[in-house]
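Undergrad:
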Amino acid sequence: MKRQRIALVTGANKGIGFEVARQLARKGFRVFIGARKTEAGIEATTRISHEDGTAEFLEIDVSDARSIERAAETCARVTDWLDVLVNNAGIVVDGDDDVMNLTPEIFEGTLRTNTLGPLLVAQAFRALLAKSDAPRIVNVSSGGGQLTDGADGWAPAYCISKTALNGVTVQLAAALPKFAVNAVCPGWVRTEMGGANANRSVGEGAAGIVWLADEAPHDLTGKFLRDRKPIPW
Ligand SMILES: NC(=O)c1ccc[n+]([C@@H]2O[C@H](COP(=O)([O-])OP(=O)(O)OC[C@H]3O[C@@H](n4cnc5c(N)ncnc54)[C@H](OP(=O)(O)O)[C@@H]3O)[C@@H](O)[C@H]2O)c1
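Residue numbers for the sequence shown follow the working numbering, so the first one is 165 and each next one is one higher.
(1) Going by DSSP, what residues sit across from P394 in a beta bridge?
(2) Does the pairing of the stretch 212-224 with the stretch 183-200 give three or more beta-carbon distances under 8 Å?
(3) Would you say G367 touches ligand 1, meaning its beta carbon is less than 8 Å from a heavy atom?
(4) Tell me whether T312 is buried or exposed, calling it buried when 16 or more other Cβ atoms sit within 10 Å of its Cβ.
(5) Any heavy atom of ligand 1 closer than 8 Å to the beta-carbon of V257?
(6) Express the C-alpha separation of A176 and I206 in angstroms, rounding to a whole number.
(7) Would G309 and W318 qualify as a contact pair, given that the criterion is a beta-carbon distance under 9 Å?
(8) Since R167 is in the alpha helix (DSSP H), which residue starts that stretch and which ends it?
(9) Here's the rule: buried if 16 or more other CB atoms are within 10 angstroms of the residue's CB, otherwise exposed. What is D262?
(10) Starting from I407, follow the alpha helix (DSSP H) in both directions and report where the run begins and ends.
(11) Should V248 be counted as a contact of ligand 1 given a C-beta to heavy atom distance under 8 Å?
(12) Name, in chain order, the residues that DSSP records as bridge partners for G198.
(13) If we ignore side chains and look at the alpha-carbon of each, how far apart do F388 and A204 end up?
(14) According to DSSP, simplified to helix, strand and coil, what is N278?
(15) So the alpha helix (DSSP H) V353 belongs to, where does it begin and stop?
(16) Flag V350 as yes when its Cβ comes closer than 8 Å to any non-hydrogen atom of ligand 1, and as no otherwise.
(17) Please confirm whether T274 and V256 have their CB atoms less than 9 Å apart.
(18) If I follow the unbroken beta strand (DSSP E) through N252, where does it start and stop?
(19) Is it right to say N265 is buried, meaning 16 or more other beta carbons lie within 10 angstroms of its own, or is it exposed?
(20) Going by DSSP, name the residue or residues bridged to I301.
(21) Hey, quick one: how far does the alpha helix (DSSP H) through Q187 stretch, first residue to last?
(22) Could you tell me whether the Cβ atoms of A288 and A337 are closer together than 9 Å?
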């Protein structure tokens with residue numbers, strides 16, 4: 165019998181992360197619902213457990229190195245391995261709208277969550293992932309981080325954090341040759357972050373992430389994708 169696959173999704177209490185966790189649970193994964201807020205995390209976990217499949221709450225604040233370490237220790241007490249890490253948690257901070265007025269607080273805070281967070285989570289969960297037959301790390305990035313066509317001035321700290329997350333992705337892919345490590349843009353998605361005018365549902369936004377977490381060829385690594393296809397960095 166094939167063993168049940170296990171995934172951790174950060175920022176899974178709402179938005180794209182919740183939808184990714186729900187879809188993975190429906191596919192038979194045991195899913196750790198990573199969230200920094202206990203109440204919201206437990207509520208999301210309960211909903212997925214009732215409606216979709218196996219889910220367990222894991223408290224993790226990706227902006228806090230100690231919280232990440234604690235989460236990895238907690239996880240290691242209840243599972244012997246992890247197949248998939250989806251680094252989904254991310255922020256756009258209010259006021260992130262003019263690079264010439266960008267404050268150190270906005271810049272550092274954004275990169276701490278969106279860039280350093282995914283790297284520290286990958287480091288902390290590496291040992292559990294290494295016990296998988298086919299470990300995968302999916303970093304939820306953004307087209308806003310693409311350098312190819314320059315910038316349009318929107319949310320500079322956020323965009324820089326995603327450019328740097330793409331850098332983290334290729335570095336992890338090089339350091340972890342037995343892993344599939346990719347960055348993915350979900351498109352513009354109707355969530356609290358994306359707003360009501362976005363052109364994609366959470367289901368559409370989650371689809372490419374779930375594909376990388378599950379069905380994508382395992383030798384596909386070190387890429388930046390949208391809708392299952394590589395896109396320019
Ligand atoms: N929506 C879009 O159009 C779009 C486009 C491109 C890329 N993305 C990316 O997709 C990912 C998900 O975005 P979304 O649209 O679903 O946003 P969202 O609705 O604002 O959800 C963001 C999630 O990340 C969590 N989070 C934020 N900081 C965290 C931290 N320090 N530790 C743990 N969790 C944290 C939030 O938790 P709380 O509830 O506690 O705040 C929430 O669960 C992000 O990485 C985002 O950059 C989104």
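Backbone N, C-alpha and C fix where the C-beta goes; we use that ideal spot for every residue, glycine too.
Please read all numbers here as calculations on a predicted model, not as lab measurements.
TA: According to the data block:
(1) L389
(2) yes
(3) no
(4) exposed
(5) No, ligand 1 has no heavy atom inside 8 Å of this Cβ.
(6) 10 Å
(7) no
(8) Careful: R167 lies outside any alpha helix (DSSP H) and carries neither H nor E.
(9) Its Cβ having fewer than 16 others within 10 Å, D262 is exposed.
(10) Since the first residue shown for the chain is 165 and the last is 397, residue 407 is missing from the structure and cannot be characterised.
(11) The nearest non-hydrogen atom of ligand 1 is 8 Å or more from the C-beta of V248.
(12) In DSSP, G198 forms a bridge with L222.
(13) Rounded to the nearest angstrom, the gap between the Cα atoms of F388 and A204 is 30 Å.
(14) helix
(15) Note, V353: premise wrong, no alpha helix (DSSP H); not H, not E.
(16) Inspection of the sequence shows that residue 350 is occupied by Pro rather than by Val. Yes, the Cβ of P350 comes within 8 Å of a heavy atom of ligand 1.
(17) yes
(18) Taken as a continuous stretch (DSSP letters only), N252 belongs to no beta strand (DSSP E), as it is neither H nor E.
(19) exposed
(20) L249 and V345
(21) G179 to R190
(22) It is not a contact, given that the beta carbons lie outside the stated cut-off.
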